[in-house]
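What follows is a set of notes on a single structure, which appears directly below.
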Amino acid sequence: MAEAFNDKVLTGAKAERYAQVAEEIAAVLAGEPNLTARMATVASMLAATFEHYFWTGFYVVDPDRPGELVVGPYQGTLGCLRIAFGRGVCGTAAETQRVQLVADVHAFPGHIACDSRSASEIVIPVFDAQGRLIAVFDVDSEAPAAFDAVDQAGLEAILSHVFAA
8 MAEAFNDKVL
18 TGAKAERYAQ
28 VAEEIAAVLA
38 GEPNLTARMA
48 TVASMLAATF
58 EHYFWTGFYV
68 VDPDRPGELV
78 VGPYQGTLGC
88 LRIAFGRGVC
98 GTAAETQRVQ
108 LVADVHAFPG
118 HIACDSRSAS
128 EIVIPVFDAQ
138 GRLIAVFDVD
148 SEAPAAFDAV
158 DQAGLEAILS
168 HVFAA
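Residue numbers for the sequence shown follow the working numbering, beginning at 8 and rising by one.
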């Protein structure tokens, strides 16, 4: 199924593309229980669908170091390896368990510049079926204010279906 997606170009308005890629992700992941495989697939398919995505991936809650995220599957340039809860945009999303939609990362208090080309960012907390935080999904863009409520709604719908279902 993944081979078929590699040749697909999703078109239309942003909300429509989120709906289309959500269906594609669900089809590819049907029956796949492995968490790493699920994360890698989500990151890859979303990065391939949206041109404004510069860095796309997961920071996973480290079970051996409470209060710390460790880089997981991603697409893009080298990411930060570890981020403490409460530090930067990802750490804030993990600590508060709330979406962080940041139009200008350089104005965000304590922003961590893993790649100085990032200008805006959205980070979505990811929960398992029991409601426990398992990761954050991070998307950076080189463009300022690249993310909006449409991105947030689309990503939240995909992530809740893939990981909390």
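Virtual Cβ for every residue (Gly too), placed ideally from N, Cα, C.
Query: Within the stretch 68-148, ranges of the alpha helix (DSSP H) (whole runs, at least 4 residues); Result: 95-103
Query: Proximity below 7 Å, CB of Q82 to CB of L140; Result: no
Query: Member of A33, V67 and F170 whose CA lies at the smallest distance from the CA of M2; Result: Here the chain covers residues 8 to 172 and nothing more, so residue 2 does not appear.
Query: Cβ-based burial, S127 [other Cβ within 10 Å; buried from 16]; Result: buried
Query: C-alpha distance - M8 paired with V35, whole-angstrom precision; Result: Residue placement at M8 is flagged as unreliable, the pLDDT there being 47, under the threshold of 50; the coordinate-derived value follows with that caveat. If you take the alpha carbons of M8 and V35, they lie about 6 Å apart.
Query: Separation of E102 from V67, as counted between CA atoms; Result: 13 Å
Query: N-terminal and C-terminal residue of the alpha helix (DSSP H) that G38 is part of; Result: G38 -> no alpha helix (DSSP H), and no H or E assigned at all.
Query: Host alpha helix (DSSP H) of G161 (start-end); Result: A156 to F170
Query: Cβ-based burial, T43 [other Cβ within 10 Å; buried from 16]; Result: exposed
Query: DSSP three-state assignment for Y60, whether helix, strand or coil; Result: coil
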